[in-house]
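So the protein sequences, as listed, match chains A and B.
So that you can map any letter, position 159 of the first sequence is 159 in our numbering, and since no number is skipped, the others follow by simple counting.
So that you can map any letter, position 344 of the second sequence is 344 in our numbering, and since no number is skipped, the others follow by simple counting.
Just so it is clear, CB atoms sit at the ideal spot from N, CA and C, and this is done for glycine as well.
Heads up: the structure comes next, in C-alpha cells.
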Amino acid sequence: MRRRFRRALIPAGSAAAVALLWLVASARAGQAPSTGRFPAYKAPRLAGHADLNGVWQALVTANWNIQDHEAQPGPHPEIMGAYGGEPPGQSVVEGGEIPYQPWALAKRKENFEKRMMVDVTDDKRWHDLGDPELKCYMPGVPRAAYMPFPFQIVQGSGDYILIAYEFTSTTRVIRMNGKADAPADSWMGWSRGRWDGDTLVVDVTDSREQTWFDRAGDFHSDALHVVERYTPVSPYHMMYEATIEDPKVFTRPWKISFPLYRRMEQNVQLLEFKCVPFTEELLFGRLRKQPRQASR
Amino acid sequence: MRRRFMSAVAAACVAAAVSFPALADQARTTPARNAGVSRQAAGGRPAAGSMPRTPWGDPDLQGVWNDATSTPLARPGGVSDKQVLTDEEAEEFQRNLAHNLTRDRRDGGPEVDVNRAYNEHWMDARRLAITSDHRTSLIVDPPDGRIPPLVPLSPERQRARAARADAAARFAAGLPDNPEEMSLPVRCIIRTDSPPYLPTIYNNDFQIFQSPGYVAIAPEMIHSARIIPLDGRPHIGPTLHQWLGDSRGRWDGNTLVVETANFRTDEGVIFQDADPATYRITERFTRVDARTIRYEFTVEDPHTWTRPWTAMIPWTRIDPGEQMYEYACHEDNYDIVHLLQGARIRERKGETVPKRNRER
Chain A
1 MRRRFRRALI
11 PAGSAAAVAL
21 LWLVASARAG
31 QAPSTGRFPA
41 YKAPRLAGHA
51 DLNGVWQALV
61 TANWNIQDHE
71 AQPGPHPEIM
81 GAYGGEPPGQ
91 SVVEGGEIPY
101 QPWALAKRKE
111 NFEKRMMVDV
121 TDDKRWHDLG
131 DPELKCYMPG
141 VPRAAYMPFP
151 FQIVQGSGDY
161 ILIAYEFTST
171 TRVIRMNGKA
181 DAPADSWMGW
191 SRGRWDGDTL
201 VVDVTDSREQ
211 TWFDRAGDFH
221 SDALHVVERY
231 TPVSPYHMMY
241 EATIEDPKVF
251 TRPWKISFPL
261 YRRMEQNVQL
271 LEFKCVPFTE
281 ELLFGRLRKQ
291 PRQASR
Chain B
1 MRRRFMSAVA
11 AACVAAAVSF
21 PALADQARTT
31 PARNAGVSRQ
41 AAGGRPAAGS
51 MPRTPWGDPD
61 LQGVWNDATS
71 TPLARPGGVS
81 DKQVLTDEEA
91 EEFQRNLAHN
101 LTRDRRDGGP
111 EVDVNRAYNE
121 HWMDARRLAI
131 TSDHRTSLIV
141 DPPDGRIPPL
151 VPLSPERQRA
161 RAARADAAAR
171 FAAGLPDNPE
181 EMSLPVRCII
191 RTDSPPYLPT
201 IYNNDFQIFQ
211 SPGYVAIAPE
221 MIHSARIIPL
231 DGRPHIGPTL
241 HQWLGDSRGR
251 WDGNTLVVET
261 ANFRTDEGVI
271 FQDADPATYR
281 ITERFTRVDA
291 RTIRYEFTVE
301 DPHTWTRPWT
311 AMIPWTRIDP
321 GEQMYEYACH
331 EDNYDIVHLL
341 QGARIRERKG
351 ETVPKRNRER
C-alpha cells in the first residue's frame, strides 16, 4: 500500500514538473500576458474591448517606499506605538533600484528627512516641504494606483474611462485615442488611452511636479512621463505596470509592476476619504486665534 | 459665508441667450403655463424609440453637460407672477439679470471695481442666459416658484445657526478665528459637487460615465465623482455618513432616478442646512434630446420646510472638444492662509467685527 502510494506520487510529481516547464516555456515564447507569470487569459468583453470595470486595490506597501524597505517604527513612536509602525516590503521597481542622477539622490534623502515638515505661510514656497499625501493633496500617477485605498474603474462605450480613487475622492479621466494636448499641468496628469489587445495602455503627461512616488521622498520633475499598462490576467486580478521617464531626474527610464486585486466583498463600493479636515491643524493651525485644545 | 456663497450662487443663476436653440424652439411651440411646466419644459417628452442606448441597453447619458443659467432658483420679487414669460418679457428679464451678474461693468466706484476684479474672464458665460423655456424660476413646485416657508427650528438648531451666522460675520469682516469656522466651499471640502446640483459662477460642467450596473457623475467643481450603483443594493450602514451622502439609482422608463442618504450631520452639508436625519432628496435625469438632459430634484424635510419642493434645470451637452478639466482647490488654497494671516494682523491692530456684520 505504502509502495503503491509512492508510485502514484512519482507520476504526479513529474506531471507538475512538466506543467511548470510548460509555463516557463510559454512565458518565454510570449504567449502569456506581458509579465509571463500567468496562463493565457482572455478577459470578458464590453463594447469590443476587455472589460476592466470593478473596484481594485494594490496590496503592496509601495506607498511607504517603492524600493525595498524594512519595518520601521514610523514617526512619533512615543505616542503612536505600533499604530505608527511602517510595514516592510519588497521593491516594486524592476531591478530593485531607481536610477537617480546623483543630485536627485541627495534631494530624495532631503525629501525624506523633511517629509513631515510643512510651511504654507509663503505662497511661493507653498509646495517646498513635506509629502503631498501628508497634506491631503491629490496623489498623482502612478502613486494613486498603490495607495492603501481602493479605486474604481468605470468603463462604458464612450471615449472616456473614469478612474475614481477613494483617497481624497480624486478622479481622473482617460481620454481614449485622445489627440488633444493638456491645457495645463494637473495633479492627476493628462491621460490618453489606447488598447493593446486586452491591455489598457495609458500615456500620462503634464503632471504637476509636486507629486511624490511614496513617503520615502521619491520624486520627479515637471518632465515626468508615465506609461501605464493594465492587463487582466484572471477574473480577479490584473497586472499593473508603469514605465517612468524623467530625463531631469533619472539616468534612464525605469519600470514598476505589481498586481491589482479585485475587491470581492458583496456590495463593495468606494467610501469617502476626504482628508482636508484631517490636515487643517497641521497646515493652518499656527494661524488660529486660540490654540486648539487637545481633543484626545 | 455659506449664506454669501449661496447668494453668489443665486446671483450667478442669471442669463445668456446663446446655447439652447433646440430648447428655445421647443419652448415656443409648447408654451407651458402651469405647475406642470417641468414635464414640458426643456424639450418635453422624448420621442419613443429615439432614445440613444448603451450597448447593454440603458438610456445613454454619457457626455459632458453644462447647467449654467441666469434663471434664479427662486422667482425674484418684481417679476410677474407668471412661471413662463413671453419672448419680449423674457428678453428684458434676461437683460436685467445679466446686467446685475456681469463683473465687467464699471459703474460703482473704485471699491466696487475691486470687488469685481474677479471678472468675467473667470466666469461661465453661459450663466448669463435664462433657461430657453423662459421660466422665471428654476423651482417649478410650489407654483409660486419660491422655496416653501421654513418651519420653526428646534432651540438646538437655532443655536447652531446663530453660531454659524457669527462665524460668517467674522469671515465677512476679515476676522475668521480658525479654519473650521469657514464654509465648506472655502475649505475645499465640498462645493457644488453635492446634490442638489445648482448652477454657479463657474465650473458648471458634469461628465457622466456609464458602465453595466453603474452611472457615475463627475462634477467639474472639485474632483470628486458620485458613483451610483443601479443594482438595487441597500444603502451603506446607518452609522456611515459622507459629505456627498450615499446614492442609489434605478431606471424609471428612460429616467434615471437617484436617491441619496447617509449625509454627514455637520452644519452646512445640506442645502439650507436641512436636518440630515429627516432630509430626503430625489433626483431625476431624463435625456430629452441629443443635446439636453432634464435634471429635476425634489427635496423634503419636515424639520426644515413646510412642504417638499422641486426644481428643474436643463443640462446642455458640451462640444466634446471643450473638455472638462481637473479642478484642484485645497492643493493651492492660498486664500485660507491669507484670510487667517490677515485676521491675526487685524486683531493686533485692535480691529473687531463691525456691528452691522453681526446683525445678519
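Excluding the 5 residues flanking residue i on each side, which residues of the same chain have their C-beta closer than 7 Å to its C-beta?
i: ASP231 of chain B; result: GLY213
i: PRO77 of chain A; result: GLY84
i: ASP222 of chain A; result: ASP185, GLU209
i: VAL79 of chain B; result: PHE93, THR136
i: VAL60 of chain A; result: GLY89, VAL92, TYR146, PHE258
i: ARG3 of chain B; result: Model confidence at ARG3 of chain B stands at a pLDDT of 36, short of 50, so the residue's coordinates are unreliable and nothing is read from them.
i: ILE236 of chain B; result: ASP246, ASN262
Can you check which of these residues, the options, is closest to residue i by C-alpha distance?
i: VAL258 of chain B; options: B:LEU153, B:ARG53, B:PRO196; result: B:PRO196
i: HIS338 of chain B; options: A:VAL120, A:ASP218, A:PRO75, A:LEU270; result: A:VAL120
i: ILE313 of chain B; options: B:ARG157, B:ALA168, B:VAL140; result: B:VAL140
i: THR131 of chain B; options: B:ILE336, B:GLY108, B:ALA311, B:GLU120; result: B:ALA311
i: LYS179 of chain A; options: A:VAL204, A:ALA82, A:HIS127; result: A:VAL204
i: THR239 of chain B; options: B:ALA277, B:ASP273, B:PHE209; result: B:ALA277
i: PRO148 of chain A; options: A:ALA40, A:ARG37, A:ALA58, A:LEU46; result: A:ALA58
i: GLU228 of chain A; options: A:LEU270, A:LEU200, A:LYS248; result: A:LEU200
i: ALA47 of chain A; options: A:GLU86, A:ALA144, A:ARG252, A:TRP195; result: A:TRP195
i: ASP275 of chain B; options: B:PRO302, B:ARG187, B:VAL84; result: B:PRO302
i: ASP205 of chain B; options: B:GLY350, B:HIS121, B:ASN66, B:PRO229; result: B:ASN66
i: ASN203 of chain B; options: B:ALA328, B:PRO72, B:THR306, B:VAL215; result: B:ALA328
i: GLU322 of chain B; options: A:HIS225, A:PRO73, A:ALA182; result: A:ALA182
i: PHE38 of chain A; options: A:PRO253, A:THR243, A:PRO235; result: A:PRO235
Between which residues of its own chain and residue i is the CB-CB distance below 8 Å, once the five residues before and five after are set aside?
i: ASP113 of chain B; result: ARG106
i: ASP25 of chain B; result: Any answer about ASP25 of chain B is weak, because its pLDDT of 33 lies below 50 and its placement is not dependable; what the coordinates show is given next. Same-chain partners within the cutoff: there are none.
i: VAL118 of chain A; result: LEU129, GLY130, LEU134, LYS135, LEU282, LEU283
i: ARG53 of chain B; result: PRO59, ASP60
i: TYR325 of chain B; result: GLU220
i: ASN63 of chain A; result: GLU133, ARG143, TYR146, MET147, PRO148, ASP214, ARG215
For residue i and residue j, which I take to be in contact (beta-carbon distance under 8 Å), what is that distance rounded to the nearest angstrom?
i: PHE250 of chain A; j: ILE98 of chain A; result: 7 Å
i: PRO88 of chain A; j: ALA71 of chain A; result: 4 Å
i: LEU153 of chain B; j: ARG164 of chain B; result: Not confirmed; about 12 Å, so no contact.
i: VAL353 of chain B; j: ARG170 of chain B; result: 6 Å
i: THR192 of chain B; j: LEU198 of chain B; result: 6 Å
i: PRO179 of chain B; j: GLU280 of chain A; result: 4 Å
i: LEU162 of chain A; j: ALA225 of chain B; result: 6 Å
i: ASN333 of chain B; j: ARG287 of chain B; result: Actually they do not touch by this definition, with Cβ atoms about 36 Å apart.
i: MET138 of chain A; j: GLU220 of chain B; result: Rounded, the Cβ-Cβ distance is 15 Å, inconsistent with contact.
i: ALA129 of chain B; j: THR69 of chain B; result: 6 Å
Applying the 10 Å Cβ sphere with the 16-neighbour rule, what's the burial state of residue i?
i: THR168 of chain A; result: buried
i: GLY156 of chain A; result: buried
i: GLN290 of chain A; result: exposed
i: TRP103 of chain A; result: exposed
i: GLN152 of chain A; result: buried
i: PRO234 of chain B; result: exposed
i: GLN266 of chain A; result: exposed
i: THR265 of chain B; result: exposed
i: ALA32 of chain B; result: Its pLDDT being 35, under 50, ALA32 of chain B is placed unreliably in this model, and the value from its coordinates should be taken loosely. It counts as buried.
i: GLY57 of chain B; result: exposed
i: SER50 of chain B; result: exposed
i: HIS121 of chain B; result: exposed
i: LYS355 of chain B; result: exposed
Under DSSP, the alpha helix (DSSP H) around residue i begins and ends at which residues?
i: ALA91 of chain B; result: According to the sequence as given, residue 91 of chain B is Glu; it is not Ala. 87-101 is the extent of the alpha helix (DSSP H) around GLU91 of chain B.
i: ARG348 of chain B; result: 334-348
i: LYS109 of chain A; result: 102-113
i: GLU156 of chain B; result: 155-172
i: ASN66 of chain B; result: From DSSP, ASN66 of chain B is part of no alpha helix (DSSP H) but of the beta strand (DSSP E) over 63-66.
i: ALA164 of chain A; result: Per DSSP, ALA164 of chain A belongs to no alpha helix (DSSP H); it is in the beta strand (DSSP E), 160-165.
i: TYR146 of chain A; result: 143-146
i: THR279 of chain A; result: 276-284
i: PRO110 of chain B; result: 109-115
For residue i, which residues in the same chain have their Cβ closer than 6 Å to its Cβ, ignoring the five residues on either side in sequence?
i: ASN34 of chain B; result: Note that ASN34 of chain B has pLDDT 35, beneath the 50 cutoff, so the model's placement of it is unreliable and the number below is only indicative. So the list is empty, once near-sequence residues are dropped.
i: ASN53 of chain A; result: ILE153, GLN155
i: VAL202 of chain A; result: ILE174, SER191, GLY193, GLU228
i: ILE190 of chain B; result: LEU184, TRP243
i: ALA242 of chain A; result: PRO142, VAL226, GLU228, ILE256
If I follow the unbroken beta strand (DSSP E) through residue i, where does it start and stop?
i: MET176 of chain A; result: 171-176
i: ILE79 of chain A; result: From DSSP, ILE79 of chain A is part of no beta strand (DSSP E) but of the alpha helix (DSSP H) over 77-80.
i: GLY249 of chain B; result: 246-252
i: ASP203 of chain A; result: 199-205
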